[in-house]
Each structure stands twice: as structure tokens, then as C-alpha cells.
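These notes concern the structure reproduced below.
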Amino acid sequence: MTQALAFKRPSVIPGFGIAFGFTLFYLGAIVLIPLAALILRAAGVGFAEFLTLATDPRVTGALKLSFGASFAAAAINVVFGFLVAWVLVRYDFPGRRLVDAAIDLPFALPTAVAGIALTTLYAPNGWIGSLFTASGPLGFLFGESGLKIAYTPLGIVVALTFVSLPFVVRTVQPVLEEVDIELEQAAATLGANRWQTITRVVLPAIVPALLTGFALALARAVGEYGSVIFIAGNIPYVSEIAPLLIVIRLEEFNYAGATAVAAMMLGISFIMLLVINLIQAWSRRRFGHGA
Amino acid sequence: MALEAVHMPAADATSASPRAPRPVTTESPLVKWLLTAVALAFLAFFLFLPLVAVFAEAFRNGLDAYFAALVEPDALAAIWLTLIVAAISVPLNLVFGLAAAWAIAKHDFKGKSLLLTLIDLPFSVSPVIAGLVFVLLFGAQGYLQPLVAWTGIKIVFAIPGIVLATVFVTLPFVARELIPLMQEQGTGDEEAAVSLGANGWQTFWRVTLPNVKWALLYGVLLCNARAMGEFGAVSVISGKIRGFTNTMPLQIEILYNEYAFSAAFAVSTLLAGLAFVTLGIKAVLEARYAGDIAATGRGRH
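Protein chains in written order, with the working numbering: chain E, 50 to 340; chain F, 38 to 338.
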């Protein structure tokens, strides 16, 4: 009974006090107190003024763009991330190990470098961007004026797809490796064709992993700043993301404005991750164990 | 590949006829080829071409221009500052990671999952917000401004602020690599060491640390790559004073915005090189010490 009430289970291994104390102190000083300062500042603004600041059309426009573009990028990565994971796990081709190692590049390559490289590529005179201009080989697919990628919201989606690319691949890959091949053989024996086996047997097993990957990609993309600002064009109301608006408000020394945008971002992210967690819990019950 | 090997015997058994039917658990060669091509095309557009572009643009004006851009005084100052910031923040987060892993993995206490969530918090906060919170604390109208005035240590628009923001952003890396591994290793080795008369320090130094050394290296590597490449958090708090508070990523931004494209890409090649080294060592560690790095395979970031 006393053990159940105790904060810590007794152990012969020493050093808990100092390790735990240091962990709390460090976490408090670096993360918790600074974040508390943000919440305190947002609360200090007052409810009426906070509402005015947070519902400013420029702020809502930036928030919509940030969350919308992140959603699009995460969705692209669910489709292509699954495909890449499938190809890496199931097929063999020359250079497979190199490609596998390169998946983590967006984790290791600084975002500023990724930003200027993507902008150079997807600009109208860049290697990829020029393919889609009115005079480019693929431009006719998009009407008279072709497709402009860099300096539009589309460019933002490209940059966010880059930074969140590894998340879906790396969460799906280990689960796909564990999928029991005998289940697929059984499905085939029972008369399912390959497409039915994949959609009805393999896919349900990795749905929880896909959702986890989606959530991680979304969370990463929403906060992204470095790779986006170069390719976005940064036109207010059109291609200005929320983190950039925070920076702009700070440069104007408008601390209340910056805090309001930051608080809105944190709040929406929190609600979104909560919803995704609920969906995940549901899918785990529905599809069995996955991620 | 292991998977192919598993169903090869089945294929062999039916290969009495010259054209053996394809195993039921794989796709036709055409579909395979097509899926691989689409996947590689996607990766080419989003991963490989950007990397090629960095080097193509950096060397566009020749080798002399490339090296001239690197030895330019502001670029050198930025490289130096980046190294200093990483040299302070990475060891701090290394010590934190070890302490947190020791408390969480080797002991049982209430609220452990809450603590784990808090350690992961910096991953889900935008880097710009990470910079903002320190401006709100130490800036001109900040809550701790009196402390700044009293000690005379400038934090915002100075190196201490850059270090704080970097430490915030890179805080979880070492801890997240160590905790799952140390949890899986359990407490048996440490209990044996203690019962044989080792003190806490000896147990940690001679038993725990050797068990986790590769995972520790792996965490430090990722932490360092992020510390040297961090842009958003640092850009908010540094003030971007050329030659003084500009790190390499900020220097790249300034050069790019001044249309000094090949100079911006020249500095970028250094950070791209760092990324290559990081991924290279990571691949070697994963191939050779897979079991000693992560408890549940790969894919934890």
C-alpha cells in the first residue's frame, strides 16, 4: 500500500535524485519557463485585444496558409512516402542502400540550404521550374500561362514536402518489414488477386503507421520557416506563412502581435495533434496493432 | 534481400516447367519497374536535384570564386561562430540526455510519461517561437530584463541568446536516442555492478556508458547537425549583425538576398558536406551496430 502511494519505486541503483533534479532544472530553465513567458505575455494582452490581434485578416490568412500547405505536404508524403517505403522494403534495385540512406537528408541538411536550392530549382528559370513555364515542355498541361511554382503557395508546398519527407517513410518502413508474408500467401490461396491482397491485408496493417507519419510530418511542416521563406514570395495575404508573420511583428517591435500569432499557432497545433491522437487510438482498435 | 529469399523455395518447387509462375506475394516485373521508377522520380525531384543544384551553383563561377567566397572575413566569422555555438550547446544537451536517460530508464517513478512528453516538446514548437520566447524573456521589454541589466550580460542580439535558442531546438536529440535503448537494456547490469561493490559513478562509467556508446554518438551527431544548421530560432534572436552574430545559415540568407548567389551556395556546400558526413557515419553505425543503437530498429527522430 505504501509502495503504491510512493512517488518512486525503491531501487539499488543510485543517482536518481541528482539525475532527476538536473533533468527537471534543465528542462525548466530551457523549455518550460520560456514557454510559460509566452503564455503569460499572451494572457497579459487581455482577451478583447488578443481577439482583435488574432482575427486580423493578415493573421488568419497566414494561419490558413500555414496549416493548409502543411496538410497538403503531409498528404503528398503519405502517398509517396508509402510508395518509397514499399519500393525500399519489397524490391531490389541498384543503389537501393544509397537511396535508403539519402531519405534522411532533410533531417541533416540545414533548412536555409534546402530553401535556396529548392528556389533555384523551381524558379521559372530553374531546372524544374522551366519545365512548367508557358514555353516549357510541360507548360501546356496548365493552360496558356503555364504553371508557376516558386514564389507562389505551390512553392511553399514543395518546400514543406521536402522537410517532412522522411517522417512517413521512416515510420512505415519498419512496420512494412514486419508484415507477415504468410498472411499474403493465405490471401492469395483464398483467391484474392494481388491488388485485393495489398488493399485488404497489407494496407490495414500499416494504417496506424501512416497516420503517425502524417501527424509527425504535419507538426514539422507547420513550424517550418527556413526553407519556406526563400521560395514563398512572402506576399501578405497570399504567400506569407505564420512563422514569417511572427518574425515581421518582432522586427516592428510589436511583441503583443508576435505573441498572439505564436499563441494561435501553438493552440491550433495542440488541438490538431489531440484529434490525430484520437484517430490513431481509434485506428489501432479498428486495425489492430501497428505503429 | 531477406524477403525474396523467403519465398524463393516456393518458386523453385514449381519451376519444373521452363516458365515458372510468379510467386503470389509479389507483383509483375512491369508493375515493379513502374513503381520503382515513380518512387525514384519523386525522390529525384525533391531530394537529389536540390542537392545537385547546391554544388552546381556553388562552382558556377569557377574554383577561384568558390574559395574566395569561403575565405571572405564575414564568412569566416560566421563559420567560427557556428562552431562555437555548436561546441557549447551540444555538450550541454549531451549531459542533459545522459541525466534524463539515467533517471527515466533506470528508475521507476510517477509521471514518467509526462516527463517524456515534455522532453519531446521542442520538436513540436516552431523554431521561430523558440527564438521568440527568449526575446520575450530577455529582450528590451522582457520579464528578466532587470536580471540582464544587473549582470550586464547581453543575451538578445548576442551569442548567449543564440546558444540558448540552439539548446532549446536541439534539446531532445540525445535523450531520445538513449532512453528507448536504455529502457530495453533494463537494470540487470547496473544492479549486478552495485551488488559487487561499485559505487554509482563507477557503475555509470564502466557499465552503462559502454553499453550505450554507439547510440550516444548517433544522438550527438544528429544534435550537432541540427545545431550547426539551425536557422529559424537563431534568426529571430541574433539580430544578424554581420561579422558578430551571424551564423553560417544566416550568412547564407544575407548573401542570397544580396543576389550573391554563388557565394551563398559556396557557404552552403560546407553545411551540405556536414550533412553528408552525418548521414555517412549514421549509415555505418546502423549497418555495424544496429542492435546497439536503437531498441526497436530505426526510425526514431
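For each residue, glycine too, the CB sits at the ideal point set by N, CA and C.
Interface with chain E (8 Å Cβ-Cβ cutoff): F:L322 is excluded. A straight-line Cα-Cα distance of about 41 Å links E:G195 and E:A254. Residue contact check for F:W187 against chain E: no CB pair falls below 8 Å. Around the beta carbon of E:A172, 16 or more other beta carbons sit within 10 angstroms, so the residue counts as buried. If only complete runs of 4 or more residues are kept, the segment 178 to 225 of chain E shows the alpha helix (DSSP H) at 202 to 212, in order along the chain. In summary, E:Y274 is buried, with 16 or more beta-carbon neighbours lying within 10 Å of its beta-carbon over all protein chains present. Residues of the segment 162 to 181 of chain F with a Cβ closer than 7 Å to any Cβ of chain E, in chain order: V162, S163, P164, V165, I166, L169, V170, F171, V172, L173, L174, Q178 and Y180. Contact with chain F is absent for E:M313, since none of that chain's Cβ atoms lies less than 8 Å from the residue's Cβ. Looking at E:T109, E:A118 and E:V136, the one whose alpha-carbon comes closest to that of E:P223 is E:V136. Here E:S119 is buried, its C-beta having at least 16 other C-beta atoms within 10 Å. For E:T169, the CB contacts under 6 Å within the same chain, skipping 5 residues up- and downstream, are G175 in chain order. E:I177 and E:S184 have their alpha carbons spaced roughly 13 Å apart. CA-CA distance, E:S115 to F:F83, rounds to 20 Å. Runs of the alpha helix (DSSP H) lying entirely within the segment 124 to 154 of chain E and spanning at least 4 residues, in chain order: 145 to 151.
In this structure, E:L299 is the residue among E:G282, E:L299 and E:V287 with its C-alpha nearest to the C-alpha of F:S275. Annotation for F:S305: V91, A95 and I289 place their beta carbon closer than 7 Å to its own, counting only its chain and skipping 5 residues before and after. Note on E:Y200: 16 or more other CB atoms within 10 angstroms of its CB, so buried under the neighbour-count rule. Residue ranges of uninterrupted beta strand (DSSP E) with 3 or more members are absent from the segment 202 to 277 of chain F; none lies entirely inside it.
Counting only Cβ-Cβ distances below 8 Å, F:Y293 has contacts in chain E at I165 and F279, in chain order. Listed in chain order, the positions of the segment 132 to 145 of chain F with a beta carbon within less than 7 Å of a beta carbon of chain E are F133, A136, A137, W139, A140, K143, H144 and D145. For a Cβ distance threshold of 8 Å, nothing in chain E lies close to F:S275: the least Cβ distance comes to about 12 Å. At the C-beta level, F:A136 and E:F71 come within 8 Å of one another. At least 8 Å separates the CB of F:P183 from every CB of chain E. Within the DSSP bridge table, the entry for E:K57 names F:F146 as partners. Residues of chain F with a Cβ closer than 7 Å to the Cβ of E:K57 are, in chain order, H144, D145 and F146. Residue contact with chain E for F:L153: absent (no Cβ-Cβ distance below 8 Å to any residue of chain E).
Nearest in C-alpha terms to F:A264, of all of F:L287, F:L152, F:G223 and F:L322, is F:L287.
T73, V75, A76, L77, F79, L80, F82, F83, L84, F85, L86, P87, L88, A90, V91 and E94: these are the residues of the segment 73 to 104 of chain F whose beta carbon lies less than 8 Å from some beta carbon of chain E, given in chain order. Nearest to E:V277 by C-alpha distance, out of E:A264, E:L265, E:G262 and E:L294, is E:L294. If you look at F:T73, you'll find it in the alpha helix (DSSP H) that goes P66 to L80.
Using a CB distance cut-off of 8 Å, F:E228 counts as an interface residue toward chain E. Rounded to the nearest angstrom, the gap between the Cα atoms of E:S318 and F:V162 is 9 Å. Ranked by Cα distance from E:E98, the options E:T220, E:V310 and E:A208 are led by E:V310.
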